[in-house]
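Below is one structure, written out as structure tokens; comments come after it.
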Amino acid sequence: MLEVRNLRKQYGDLVAVNGVSFCLQPGDVFGFIGSNGAGKTTTIRMISTLLEPTAGTATLNGADIVKDPLAVRSMIGYMPDFFGLYDDVKVWEYLDFFASIYRVPRSQRGDVIDNVLQLTDLTVKKDAFVQSLSRGMQQRLCLARCLVHDPALLLLDEPASGLDPRARAELKALIGELGKMGKIVVVSSHILPELADFCNTVGIIERGDLLAFGPVDQIVKGAHTTRVLELRLLREANASARFMLDLPHVVAAQATSESLVCVDFSGDYEQQAELLKHLVSEGFPVIGFREQEADLEDVFLRLTTGAVQ
Ligand SMILES: Nc1ncnc2c1ncn2[C@@H]1O[C@H](COP(=O)(O)OP(=O)(O)O)[C@@H](O)[C@H]1O
Ligand SMILES: [Mg+2]
Numbered sequence: 001m002l003e004v005r006n007l008r009k010q011y012g013d014l015v016a017v018n019g020v021s022f023c024l025q026p027g028d029v030f031g032f033i034g035s036n037g038a039g040k041t042t043t044i045r046m047i048s049t050l051l052e053p054t055a056g057t058a059t060l061n062g063a064d065i066v067k068d069p070l071a072v073r074s075m076i077g078y079m080p081d082f083f084g085l086y087d088d089v090k091v092w093e094y095l096d097f098f099a100s101i102y103r104v105p106r107s108q109r110g111d112v113i114d115n116v117l118q119l120t121d122l123t124v125k126k127d128a129f130v131q132s133l134s135r136g137m138q139q140r141l142c143l144a145r146c147l148v149h150d151p152a153l154l155l156l157d158e159p160a161s162g163l164d165p166r167a168r169a170e171l172k173a174l175i176g177e178l179g180k181m182g183k184i185v186v187v188s189s190h191i192l193p194e195l196a197d198f199c200n201t202v203g204i205i206e207r208g209d210l211l212a213f214g215p216v217d218q219i220v221k222g223a224h225t226t227r228v229l230e231l232r233l234l235r236e237a238n239a240s241a242r243f244m245l246d247l248p249h250v251v252a253a254q255a256t257s258e259s260l261v262c263v264d265f266s267g268d269y270e271q272q273a274e275l276l277k278h279l280v281s282e283g284f285p286v287i288g289f290r291e292q293e294a295d296l297e298d299v300f301l302r303l304t305t306g307a308v309q
């Protein structure tokens, strides 16, 4: 289990991470979402033991990142947002090197390398030179290198950045696989749709504050005190929006085009039916009336102000 408690990092006056707390269980794939500068990398680097927190701590399976960084390091695989690969090194040599650093016994290294190559779908590239691989393959190789010591926690900082759609899809499948193997996976991204569909837990961070944390559907539900109704009119969208503003439970109403009106509505379904009745009896030509599906992207935009330090 990963338990992050009040983790904080301050650079002078700038609070990069402002007392972040959350808990993850084996098998959790956690999407850590935030704009550039929100504090994702700083949080991940603290958990990885590479950066000392100003306050707070985290424990991984009981080992404390501040008091016992070596024990923690042996249980984590960390893929930084910018990683370097070595030239003139073959894929298997590269992995062998990291396996030796992680003290994988020499007698086991061959099997370990074969296993991680298979998992990352790089078996055919075993004898290829690292610099000859495509960007997507290099990314998977970097992930393979993080797996040689069978870590309990993977910290992947913006792993999908710079990948083409196919490489991205392959990476997603691989990350899902790692979750199924019972690892805790933390994946950060500033591009929300990238994470929404394969993480079971998400966190939204802005300016160092964790604004929301939990299962995807819970976050989507929790952030909505109102529902968004979408109305289509034959004409008079503007006039109908103005009219609705005076009706009960209408928090906001705005015509977004000649024929479309978006309504923030705080009432229940009975009251929603009433709203339609009012409109029709007033003579507005309503041709469509539906509730907008709330999704994670919508929640993200609601919770964050778009401010970056
Ligand atoms: N070494 C540092 N010194 C001073 N400020 C830093 C340092 N590292 C990061 N920051 C600042 O901390 C904030 C969070 O940065 P970061 O964690 O890299 O965000 P993200 O990874 O979400 O883009 C930013 O405002 C950034 O400029
Ligand atoms: Mg970052």
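Taking the working numbering, the leading residue of the sequence shown gets 1, the next gets one more, and so forth.
Even for Gly, the Cβ is constructed at its ideal location relative to N, Cα and C.
Cβ-heavy atom distance, residue i to ligand 2, below 6 Å
i	result
Met40	A small correction: the amino acid at residue 40 is Lys; Met does not occupy that position in the sequence shown. Because some heavy atom of ligand 2 lies under 6 Å away, the Cβ of Lys40 counts as near it: yes.
Val81	Position check: residue 81 holds Asp in this sequence, whereas Val was assumed. Yes; taking the cut-off as 6 Å, the Cβ of Asp81 has a heavy atom of ligand 2 nearer than that.
With 16 other Cβ atoms within 10 Å as the buried cut-off, status of residue i
i	result
Gln309	The pLDDT assigned to Gln309 is 40, lower than 50, so where the model puts this residue is not dependable; a value taken from the coordinates is nonetheless given after this. Exposed, because fewer than 16 other Cβ atoms sit within 10 Å of the Cβ of Gln309.
Met46	buried
Leu275	buried
Arg140	buried
Gly56	buried
Asp352	Examination of residue 352 is not possible in this model, given that the chain is present from 1 through 309 alone.
Gln138	buried
Ile191	exposed
Ala58	buried
Val280	exposed
Leu301	exposed
Ser266	exposed
Leu14	exposed
Arg235	exposed
Glu158	buried
Pro53	buried
Residue(s) in a DSSP beta bridge with residue i
i	result
Gln254	Cys262
Leu229	Val263, Glu291
Gln10	Val15
Phe300	Paired residue(s): none; Phe300 is not in a bridge.
Pro215	Thr201
Thr59	Glu3, Asp64
Phe22	Val4
Glu206	Asp209
Ile101	Beta-bridge pairing links Ile101 to no other residue.
Ile76	Leu153
Lys388	Summary: the structure shown does not reach residue 388, with the chain confined to residues 1 through 309, and so no result is reported for it.
Phe30	Val186, Thr201
Residue i Cβ short of 6 Å to ligand 1 heavy atom set
i	result
Asn6	no
Tyr366	The structure shown has nothing for residue 366, since the chain only spans 1 to 309.
Gly34	yes
Tyr94	no
Gly348	Outside the displayed range of the chain (1 to 309) lies residue 348, so it cannot be described from this structure.
Gly203	no
Gly37	yes
Tyr11	yes
Ala16	yes
C-beta neighbour in chain B for residue i, strict 7 Å
i	result
Ser48	This model lacks chain B altogether, as it is built from one protein chain only.
Specify whether the region 212 to 221 and the region 240 to 251 touch according to this definition: at least 3 beta carbon pairs, one from each stretch, less than 8 Å apart.
-> no
With contact counted as at least three CB pairs below 8 Å, one residue from each stretch, are the region 29 to 46 and the region 171 to 191 in contact?
-> yes
How do the region 227 to 241 and the region 269 to 287 stand: do at least 3 beta-carbon pairs fall below 8 Å, yes or no?
-> yes
Would you check if there are 3 or more beta carbon pairs closer than 8 Å linking the region 199 to 214 to the region 32 to 44?
-> yes
Report yes or no: do the region 124 to 138 and the region 156 to 168 share at least 3 C-beta pairs separated by less than 8 Å?
-> yes
Are there three or more Cβ pairs, one per stretch, closer than 8 Å when the region 142 to 156 is compared with the region 123 to 134?
-> no
For the region 2 to 13 against the region 107 to 122, are there 3 or more C-beta pairs whose distance is under 8 Å?
-> no
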